[in-house]
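Asks: Can you keep this structure in mind? I'll have questions shortly.
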Amino acid sequence: ASFPHIALSGCYFHLRQSVHRQITPLDYQTQYQNDPIFAHNIHKFVALAFIHPNGVINASERLSLSLGDDYEDIIDYFEETYIGRLRPNQTRRQPKFSIDFWNM
């Protein structure tokens, strides 16, 4: 570590870009462009960045339950990348990016 006193953090722009980049490969492009409610619900994942870090997992779980199967692929992506997949013992795996990294 050349810069031991430097703290890395993500930014809202890149979080939103990351989620938006999943829309095409997950085959959501047409629905995202033509259905404002669907697009708004996708934006809710990015809005989790503005919830206190201690509440993000609970909010993410509630969001996932409220959206249902139509959003399963984006839920899986967000959970794997930003929340951490739930294990059978009810603990979570480390996500690719920790909540503290991307939370505002």
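Those letters in the sequence shown? Residues 1 to 104, per this note's numbering, in order. We put the CB at the ideal spot given by N, CA and C, even for glycine.
Cα separation between Thr24 and Ile83?
Replies: For the purposes of this step, residue 24 is taken as the residue at position 24 of the sequence shown. For the purposes of this step, residue 83 is taken as the residue at position 83 of the sequence shown. So the alpha carbons of these two residues sit roughly 21 Å apart.
Asks: Tell me the rounded alpha-carbon separation between Phe13 and Gln22.
Replies: Sequence index remark: in the sequence shown, residue 13 carries index 13 (1-based). Sequence index remark: in the sequence shown, residue 22 carries index 22 (1-based). Their Cα atoms are separated by approximately 15 Å.
Asks: For the alpha helix (DSSP H) containing Lys44, name the first residue and the last one.
Replies: Taking the first residue of the sequence shown as position 1, residue 44 is located at position 44. Unbroken alpha helix (DSSP H) run through Lys44: 36-47.
Asks: Do Phe45 and Met104 have their C-beta atoms within less than 8 Å of each other?
Replies: The residue given as residue 45 occupies position 45 in the sequence shown. The residue given as residue 104 occupies position 104 in the sequence shown. Not in contact: Phe45 and Met104 (Cβ atoms no closer than 8 Å).
Asks: Would you mind working out which of Leu65, Val19, Ser2 sits nearest Ile74, comparing C-alpha positions?
Replies: To locate residue 74, count along the sequence shown from 1; it is residue 74. That would be Val19, whose Cα lies nearest to the Cα of Ile74.
Asks: Helix, strand or coil for Leu86 per DSSP?
Replies: For this step, residue 86 is matched to residue 86 along the sequence shown. If DSSP states are grouped into helix, strand and coil, Leu86 belongs with the strands.
Asks: Excluding the five sequence neighbours on either side, which residues of its own chain have a C-beta within less than 6 Å of the C-beta of Phe78, listed in chain order?
Replies: The residue labelled residue 78 in the question sits at position 78 within the sequence shown. Closer than 6 Å at the Cβ level, and outside the excluded window around Phe78, lie Phe45.
Asks: Please identify the residue among Pro53, Pro4, Tyr28, Leu15 whose C-alpha is closest to the C-alpha of Tyr71.
Replies: Looking up residue 71 in the sequence shown gives position 71. When only C-alpha atoms are compared, the closest one is Tyr28.
Asks: In chain order, what residues of the same chain lie with their CB nearer than 7 Å to the CB of Gln116, ignoring the 5 residues before and after it?
Replies: Outside the shown range of the chain (1 to 104) lies residue 116, about which nothing can therefore be said.
Asks: Give the secondary structure of Arg92 by DSSP, where H, G and I count as helix, E and B as strand, and everything else as coil.
Replies: Counted from its first residue, the sequence shown places residue 92 at position 92. Residue state, collapsed to three classes: strand.
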